Amino acid sequence: MSGVDDQLAQARAELDRVDPARADELRRAGAVFVDIRPLTNRAAEGEIPGAVPVERIHLEWRLDPHGDHRIPGFTEDTTVVVLCNEGYASSFAARDLKRVGLPHATDLIGGFRAWQAAGLPVQEGGTPAIP
Numbered sequence: 001m002s003g004v005d006d007q008l009a010q011a012r013a014e015l016d017r018v019d020p021a022r023a024d025e026l027r028r029a030g031a032v033f034v035d036i037r038p039l040t041n042r043a044a045e046g047e048i049p050g051a052v053p054v055e056r057i058h059l060e061w062r063l064d065p066h067g068d069h070r071i072p073g074f075t076e077d078t079t080v081v082v083l084c085n086e087g088y089a090s091s092f093a094a095r096d097l098k099r100v101g102l103p104h105a106t107d108l109i110g111g112f113r114a115w116q117a118a119g120l121p122v123q124e125g126g127t128p129a130i131p
């Protein structure tokens, strides 16, 4: 049995993680950003314009490209960038999305806070998550 740090390292080994600058390039090229932060964080700190808020407990069901409960428009070819506060939970989430059929899923190194610190676009938060 391994601890959370080992599990995190294993999850990240499956990803081609992106820093804020590369994530912004992907966003401008049409990648879908998925914000798994709780509503309280999104409301307090803001959101990335165009990011789709999906609570972690619904993530696989909403993004399974072949699932009955998926968000319209996702296919196995969709590039998805998952973000959380600082880039830890998002690594596990992106790994899990790869396992349900999104091979181009990754996560944002440093999360929303790194994005904001890099001076990239942020808007007022509080968008309700997709149920």
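The sequence shown: position 28 = 28 (the UniProt record's numbering), numbered continuously.
We treat Cβ as the ideally placed atom computed from N, Cα and C, and that holds for glycine.
Owing to the predicted nature of the structure, the values given are computational and were not obtained by experimental measurement.
Secondary structure of residue i, DSSP reduced to three states
i      : result
Thr106 : strand
Asp35  : strand
Glu86  : coil
Glu76  : coil
Glu45  : helix
Option in the options with minimal Cα separation from residue i
i      : options                          : result
Gln123 : Arg42, Val18, Asp6 and Gln10     : Arg42
Arg37  : Leu83, Gly50 and Trp61           : Leu83
Ala118 : Asp19, Ile71 and Ser91           : Asp19
Lys98  : Leu15, Gln10 and Arg113          : Leu15
Arg17  : His58, Ala29, Arg113 and Arg95   : Arg95
Glu60  : Glu45, Ala44 and Val80           : Val80
Asp5   : Gly125, Trp115, Phe92 and Leu108 : Phe92
Arg12  : Ile109, Glu25, Arg22 and Arg56   : Ile109
Range covered by the alpha helix (DSSP H) that runs through residue i
i      : result
Val4   : Val4 to Ala13
Leu83  : No alpha helix (DSSP H) holds Leu83; the beta strand (DSSP E) holding it covers Val80 to Leu83.
Phe92  : Ala89 to Arg99
Ala51  : Neither: Ala51 is in no alpha helix (DSSP H) and is coded neither H nor E.
Pro20  : Pro20 to Arg28
Ser60  : A quick correction: the sequence has Glu, not Ser, at residue 60. Where Glu60 is concerned, the enclosing alpha helix (DSSP H) stretches over Leu59 to Leu63.
Arg113 : Gly111 to Ala117
Counted within 10 angstroms of its Cβ, other Cβ atoms place residue i as buried (16 or more) or exposed
i      : result
Thr75  : exposed
Thr106 : buried
Gly30  : exposed
Ile48  : buried
Gly3   : exposed
Asp68  : exposed
Proximal residues to residue i (C-beta, below 8 Å), its chain only, five neighbours per side dropped
i      : result
Gly50  : Arg27 and Phe33
Val54  : Val34, Asp35, Ile36, Arg62, Leu63, Ile71, Ala129 and Ile130
Asp77  : His104
Gly101 : Asp64, Pro65, His66 and Glu76
Contacts around residue i, its chain only, beta-carbon distance under 7 Å, and the 5 residues preceding and following it disregarded
i      : result
Gly111 : Leu83, Cys84, Asn85, Glu86, Gly87 and Ser90
Thr127 : Arg42, Glu47 and Pro53
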